[in-house]
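In our numbering, the protein residues as written are 1 to 462.
Since the structure comes first, as C-alpha cells, the remarks are kept for the end.
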DNA sequence: GCATGATCATGC
DNA sequence: GCATGATCATGC
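Below, the structure written as C-alpha cells:
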C-alpha cells in the first residue's frame with residue numbers, strides 16, 4: 001500500500017484510534033510473546049502493510065516520515081505523562097562525528113514523525129492496550145535550536161573520546177540513551193581505546209511528557225524564550241543573562257524590583273522570584289516549557305561568608321521498599337541523577353548568623369548542573385549498595401540520651417562516607433517513622449549531597 | 001565549628 | 001495528612 005500524501009497517511013493512522021493492538025494485529029504477531037518492539041511492528045505490518053526494516057532512512061521515505069508508536073500513562077494525580085523516553089536511531093560513534101546537524105543520522109531519520117500514542121495501563125496485557133491518538137509531529141523552531149545544541153554536545157563528547165561518559169543529563173531535550181541487550185553491548189569510539197556502551201538518540205521522557213500533555217490534553221506550557229533568541233544563545237546563556245542583572249542584590253531588593261511580596265520563609269517565594277525575573281511571573285516552574293521538557297529542577301543554595309553552603313542539600317525521602325527491590329541499573333536514585341538537570345540558584349550571606357540573626361541573603365548567580373557519570377557510578381552507587389547491605393544485614397538502631405530526651409542513632413552512611421553523599425533522618429516529628437523491608441522501624445530517612453561537595457561544584461562560579 | 005539527628009513551616 | 005524545603009540544637 002502506498003500513501004501519496006501525509007494527509008492520506010494520517011487518515012490511515014487515525015483509523016486505529018480507539019482500537020486495541022489485538023484488533024489491529026492481522027498477522028497474529030502478538031501471540032509470539034517475546035518479540036520486543038512488537039507493538040510498533042503490529043502497526044507497521046498490519047495497519048500500514050509494509051515489511052519491518054532497520055533502515056537508516058525514515059519509515060515512509062517518500063514522505064520523509066518516521067513512524068513511532070509510544071506509550072503514555074496517567075499519574076496518581078491524574079496528570080498524563082510519557083511512560084518512557086522515545087528511542088530513536090542508534091548512534092554510530094565512528095560516523096556521527098563526520099556530520100553536521102543537517103546531515104546527521106538523527107536529522108535524516110527523525111525530522112518528521114508520525115507519533116502514535118497508546119495508553120499504557122498497569123496489569124493489562126499489551127495486546128489489550130489501545131491506540132489513543134496519532135500526531136504528525138515536526139519540531140517547533142525553538143525546540144529545534146535546543147536540540148541542535150544538544151546534538152553538538154553529544155558529538156563533541158564523542159569526538160573528544162568520551163563516548164563512554166555520555167549521559168542523558170548532559171543535554172536538554174535530545175539525549176544519548178544506552179541501548180543494547182546489556183552492559184556488554186559495547187562499541188568502538190573515535191579518539192579513545194575505551195569501548196563505549198551502544199547508545200541511541202532519544203527524546204527524553206520529560207520532553208515526551210510535555211508532548212503528551214500538549215497534544216493529548218492541550219496543556220499549555222509557558223516559554224521563557226523565543227526561537228530567535230535561541231538561535232543566538234544557548235538555553236544556559238539565556239538563563240544566565242536573565243538572572244545576571246540581579247547579581248549582588250539582596251532577596252529583598254530583588255523582590256521589590258520585581259514587585260513580589262517579600263516572604264522569605266514561604267515555600268513559593270523563590271519560585272515566584274524565578275518566574276518573575278524570567279518575565280513569566282506566577283507561572284509554576286514545572287509549567288515553564290524549557291524546564292519541563294529538559295527536566296530542570298531548581299535548588300536554592302545559601303552560602304556562608306566562607307563560601308560553603310549553610311547546609312547540605314536534601315532530596316527526597318527514601319522509599320526503602322523500592323531501594324531494595326531494584327537493580328542498580330534501574331534504580332530510582334541512578335535514574336534521578338542521570339536524567340535531572342539542576343538549576344542552582346545561589347545566594348550568599350555576608351555576615352555570620354551569630355553576628356546577625358536577621359542577615360539577608362544576596363543573589364550570587366546560577367549554575368546549570370548535572371551529576372557527572374563517574375560520580376553517579378562511584379559515590380552514588382556506593383551509597384545505594386551500602387544502604388542495601390545494611391538493610392540485608394540489619395541496621396544498628398540505638399537510642400541514647402541527648403539533652404533531656406532519647407535520640408535515635410543509626411549506622412547509615414554519614415558525611416564522612418565518601419565525600420559526596422550521606423543519609424540523614426527527615427521526619428515531621430518524633431513519630432514520623434517507616435518500616436524497613438527487613439521489619440525494622442526507623443525515623444524516615446533522606447539522602448543528601450554534602451555541603452563540601454556542593455561547595456566544590458561552585459568553585460568556578462564567577 | 002562541625003556532624004548529626006530532630007523538627008518546623010508551608011503548601012497541596 | 002503528608003512530603004519537602006529549611007533550619008534548629010546538642011555534644012564532641
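Even glycine gets a Cβ: it sits at the ideal position worked out from N, Cα and C.
For clarity, every value in this text was computed on a predicted model and none was experimentally measured.
Taking residue 189 as part of the beta strand (DSSP E), name the residues at either end of that continuous run.
-> Bounds of the beta strand (DSSP E) holding residue 189 are 186 to 189.
Local conformation of residue 261 per DSSP, three classes | Correct three-state label for residue 261: coil.
Determine, using beta carbons only, whether residue 463 and residue 373 come nearer to each other than 8 Å.
-> In the structure as shown, the chain starts at 1 and stops at 462, and residue 463 therefore has no counterpart that could be examined.
Coarse secondary structure for residue 402, derived from DSSP in three states | Looking at residue 402 - three-state DSSP - the assignment turns out to be strand.
What residue ranges within the region 270 to 321 form continuous alpha helix (DSSP H) runs of no fewer than 4 residues, ordered along the chain?
-> Within the region 270 to 321, the alpha helix (DSSP H) runs of at least 4 residues that lie entirely inside it are, in chain order, 289 to 294.
Within the same chain, show all residues whose beta-carbon is closer than 7 Å to that of residue 322, passing over the 5 residues directly before and after it, in chain order.
-> So the qualifying residues of the chain are 332.
If you pair each beta-carbon of the region 189 to 196 with each one of the region 152 to 159, do three or more pairs fall below 8 Å?
-> In this structure the region 189 to 196 lies against the region 152 to 159, because at least three pairs of beta carbons, one per stretch, are closer than 8 Å.
Roughly how far, in whole angstroms, is the beta-carbon of residue 291 from the beta-carbon of residue 212, given that I think they are within contact range, below 8 Å?
-> The beta carbons of residue 291 and residue 212 sit about 16 Å from each other, so the pair does not count as a contact at 8 Å.
In the DSSP assignment, find the unbroken beta strand (DSSP E) run with residue 118 in it and report its ends.
-> DSSP places residue 118 in the uninterrupted beta strand (DSSP E) bounded by 112 to 119.
Could you tell me which residues DSSP pairs with residue 445 in its beta bridges?
-> In the DSSP output, where bridge partners are listed per residue, residue 445 has 425.
Find out if the Cβ-Cβ distance for the pair residue 275, residue 282 is shorter than 8 Å.
-> Taking 8 Å as the cut-off, the beta carbon of residue 275 is found closer than this to the beta carbon of residue 282.
Please name the residue, chosen from 408, 428, 371 and 435, that lies closest to residue 470 on a Cα-to-Cα basis.
-> The structure shown does not extend to residue 470, since the chain is modelled only from 1 through 462, so no value can be given for it.
Endpoints, beta strand (DSSP E) assigned at residue 435 | Going by DSSP, residue 435 is part of the beta strand (DSSP E) stretching over 433 to 435.
Whole angstroms is fine: what's the gap from residue 380's alpha carbon to residue 225's?
-> Each residue's alpha carbon lies about 34 Å from the other.
Does the beta-carbon of residue 154 have 16 or more other beta-carbons within 10 angstroms, so that it is buried, or is it exposed?
-> Around the beta-carbon of residue 154, 16 or more other beta-carbon atoms lie within 10 Å, marking it buried.
How would you write the range of the alpha helix (DSSP H) that residue 213 sits in, first residue to last?
-> From DSSP, the alpha helix (DSSP H) with residue 213 extends over 205 to 217.
Residue 137, DSSP secondary structure in three states | Residue 137 falls in the strand class under three-state DSSP.
Between the Cα of residue 369 and those of 422, 301 and 400, spot the shortest distance and give me the residue it belongs to.
-> Just measuring C-alpha positions, the residue of 422, 301 and 400 sitting nearest residue 369 is 301.
If you pair each beta-carbon of the region 114 to 133 with each one of the region 67 to 85, do three or more pairs fall below 8 Å?
-> Verdict: yes, contact present.
With a cut-off of 8 Å, do at least 3 Cβ pairs link the region 402 to 413 to the region 421 to 430?
-> The region 402 to 413, when compared against the region 421 to 430, does touch it at the 8 Å Cβ threshold.
Under a three-way DSSP split, which group does residue 99 fall into?
-> Of the three classes helix, strand and coil, the one that applies to residue 99 here is coil, per DSSP.
Is it true that the CB of residue 44 sits closer than 8 Å to the CB of residue 59?
-> Cβ atoms of residue 59 and residue 44: closer than 8 Å.
From which residue to which residue does the alpha helix (DSSP H) around residue 371 run?
-> First-last for residue 371: undefined, no H or E at that position.
Could you tell me the distance, in whole angstroms, from the CA atom of residue 432 to the CA atom of residue 221?
-> Rounded to whole angstroms, residue 432 to residue 221 spans 36 Å at the Cα level.
Contacting residues, own chain, Cβ-Cβ under 7 Å from residue 80 (five flanking each side not counted) | Within the same chain, residue 80 has close Cβ partners 72, 74, 212, 213, 216 and 217.
Work out the CA separation of residue 294 and residue 341 for me, nearest whole Å.
-> Cα to Cα, the separation comes out at about 7 Å.
Check the C-beta distance from residue 239 over to residue 346 and give it rounded, since I have them as a contact under 8 Å.
-> In this structure residue 239 does not touch residue 346 by the C-beta definition: roughly 13 Å separates them, more than the 8 Å allowed.
If residue 82 and residue 197 are in contact, beta carbons under 8 Å, what's the gap, nearest whole angstrom?
-> Contact doesn't hold; Cβ gap of about 23 Å is too wide.
Should residue 447 go down as buried or exposed, given a rule of 16 or more other Cβ atoms within 10 Å for buried?
-> Burial call: buried.
What are the boundary residues of the beta strand (DSSP E) that includes residue 178?
-> From DSSP, the beta strand (DSSP E) with residue 178 extends over 174 to 178.
Of all the options 442, 142 and 348, which has the alpha carbon lying nearest to the alpha carbon of residue 228?
-> Just measuring C-alpha positions, the residue of 442, 142 and 348 sitting nearest residue 228 is 142.
Enumerate in chain order the residues of its own chain whose CB-to-CB distance from residue 289 is below 8 Å, with the five nearest sequence positions on each side excluded.
-> Leaving aside the five residues that flank residue 289 on each side, the residues in its chain whose CB is nearer than 8 Å to its CB run, in chain order, 210, 221, 222, 223 and 224.
Leaving out five residues on either side along the sequence, give the residues of the same chain with a beta carbon under 7 Å from the beta carbon of residue 443.
-> Sequence-distant partners of residue 443 (beyond 5 residues in either direction) whose C-beta falls short of 7 Å from its own C-beta, in its chain, are 408, 425, 427, 432 and 433.
Name the DSSP bridge partner or partners of residue 70?
-> Residue 70 pairs with 117.
Candidates 145, 41, 54 and 352: closest to residue 232 by CA position = Between residue 232 and the set 145, 41, 54 and 352, the nearest pair of CA atoms involves 145.
Any idea which residues DSSP pairs residue 410 with across the strands?
-> Looking at the DSSP assignment, residue 410 forms a beta bridge with 397.
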